[in-house]
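Let me begin by presenting the structure, written as structure tokens, before commenting on it.
Numbering (my numbering), first residue to last: 469 to 943.
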């Protein structure tokens, strides 16, 4: 379903993803048009209606919304896990992170130069089985050790488990971490000196000479997390005005206590920092300095330096090959170092372009998988050739990049190939299919240049070209 100022739901609802439903869903997505408005609350409500017994919702949004606390509360009560992908600078990263965390989902924010399809694939893969469930933690051997905020009960793949805690003494201890089906003991040594003897954090202010222990910085991070959790605390609305006032006062006391302990501002307390400088004079106008802090976040540096490098190279070549200067020695440039850097930038641009085109091809390939896990084709031979070639490319891509975002697609393609009756193929093709599958199952890595040669085949290379390519790619 998609939402803007209203919501539009896929007519078939949630059904088995057979090929007919896939084709209908593809047509539904292609019919979407750009519109204004971000009725996120209504969108989540409609999506949760399709999942009466709970489930997972993948949310993609690039807009800003209001009444965020209400949206989080409704999503939690609906019993659904919301996985959020924020796109662009307009998306509210803090709200989407809270929505995901409070409902047990995952979140990601696509940067201005990041591919949305790649970010969506990474997030979609995180929706699967978690790395650990029913996580609990205890600590032994430390004085008055406490955890705050509470630990998450679920940890997803490729997401770290972040534990905040504190104790009153520098005693060694053990962290007893347990989860469904496993446990682990982590020893926590304390080579910690007293605060006045503690070494400064590496990130200190050279101007002021102030050294802040790393523990104080971590305490601020912990306090920020606790403050955020308090802002989204779910409480039932009191029935009377007097009860509402009592609840407000209790909440305000908690706010004040957290602000005083962690020295952070919150809705109940504001903090003002007063900095005195040695050269301050009463009645004098403060000196204002403009300090550049960086470039825009979506700046592509190679687009500047690469072009300059082209111009410098062309100018140098023009001087060297000019008839006028044929008898003169080439002019000496002082930009050799810069030209080398620019040429390296152009190389990176070329490499990035190749990888970008490859990802386009991989997303097109995996997006065309049919319900049985194979790629389409007019006959069985073509489907087997397309699927086997695609599987080889995915294996090589995972080997080159270390990325396993397409591993689920590769598993489905392998299952499709294993389920096919290849006796209808020619004896030569039967032997080749069995040989390639046996080598891949044994962990054989396809040839180093197989992706490059595959891309040169074009979009519709034909069966003969694919079989010939596979004979060289896996041997």
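Think of the CB as a built atom: it goes at the ideal place given N, C-alpha and C, for glycine as much as any other residue.
Asked: Residue 605, DSSP secondary structure in three states; Found: strand
Asked: Inter-stretch contact at 8 angstroms, needing at least 3 Cβ pairs: the segment 602 to 616 / the segment 576 to 594; Found: no
Asked: Three-state class that DSSP yields for residue 918 in the structure shown; Found: helix
Asked: Residue 843 Cβ short of 7 angstroms to the ligand PLP heavy atom set; Found: This structure lacks the ligand PLP; in fact it carries no ligand of any kind.
Asked: Whole-Å CB distance - residue 698 paired with residue 726, under 8 angstroms assumed; Found: 7 angstroms
Asked: Whole-angstrom distance between residue 829 and residue 548, CA atom to CA atom; Found: 34 angstroms
Asked: Residue 858 beta carbon less than 8 angstroms from that of residue 851; Found: no
Asked: Per-residue burial, residue 655 [other beta carbons within 10 Å of its own, 16 or more giving buried]; Found: exposed
Asked: Burial state of residue 534 (16 or more Cβ within 10 Å); Found: exposed
Asked: Residue span of the beta strand (DSSP E) that contains residue 526, given as start and end; Found: 523 to 529
Asked: Terminal residues of the beta strand (DSSP E) in which residue 644 lies; Found: 641 to 647
Asked: 6 angstroms CB neighbourhood of residue 730 in its chain, flanking five on each side removed; Found: 691
Asked: For residue 917, the nearest candidate out of 751, 695, 942 (CA to CA); Found: 942
Asked: Of the listed residues 647, 576, 833, 636, nearest to residue 626 (C-alpha basis); Found: 576
Asked: Cut-off 8 angstroms between Cβ atoms - residues of its own chain near residue 723, not counting five sequence neighbours on either side; Found: 698, 734, 735, 736, 737
Asked: Identity of the residue in 657, 603, 714 nearest residue 649 by Cα; Found: 603
Asked: Limits of the beta strand (DSSP E) - the one that residue 478 falls within; Found: Counting along the chain, residue 478 falls outside any beta strand (DSSP E), and DSSP gives it neither H nor E.
Asked: Cβ distance (whole Å) where residue 472 is taken to contact residue 495 below 8 angstroms; Found: Contact doesn't hold; Cβ gap of about 19 angstroms is too wide.
Asked: Sufficient close CB pairs (3 or more, under 8 angstroms) joining the segment 829 to 838 to the segment 867 to 887; Found: yes
Asked: Unbroken stretches of the alpha helix (DSSP H), 4 residues or longer, contained in the segment 550 to 584; Found: 561 to 571
Asked: Cβ neighbour criterion (16 or more within 10 Å) applied to residue 900; Found: buried
Asked: Beta-carbon proximity check, residue 906 vs residue 885, cutoff 8 angstroms; Found: no
Asked: Enclosing alpha helix (DSSP H) for residue 509 [first to last residue]; Found: 508 to 517
Asked: Beta-carbon gap between residue 568 and residue 694 smaller than 8 angstroms; Found: no
Asked: Contact under 8 angstroms by Cβ, residue 700 with residue 570; Found: yes
Asked: Span separating the alpha-carbon of residue 741 from that of residue 752; Found: 20 angstroms
Asked: Residue(s) in a DSSP beta bridge with residue 737; Found: 734
Asked: Sequence-distant residues of its chain with Cβ nearer than 8 angstroms to residue 732 (five each side left out); Found: 688, 691, 692, 695, 726, 739
Asked: C-beta contact flag for residue 510 and residue 525 at 8 angstroms; Found: no
Asked: Residue 518 and residue 554 closer than 8 angstroms at C-beta; Found: no
Asked: Inter-residue Cα distance where the pair is residue 591 and residue 599; Found: 14 angstroms
Asked: From 647, 653, 613, residue whose alpha carbon lies closest to that of residue 639; Found: 613
Asked: Per-residue DSSP class, three states only, for residue 700; Found: coil
Asked: Spatially closest choice to residue 872 from 522, 594, 574, 490, by CA coordinates; Found: 594
Asked: Beta-carbon proximity list for residue 490, same chain, < 7 angstroms, skipping 5 on both sides; Found: 839
Asked: Residues near residue 629 in its chain [Cβ-Cβ closer than 6 angstroms; skip 5 each side]; Found: 623
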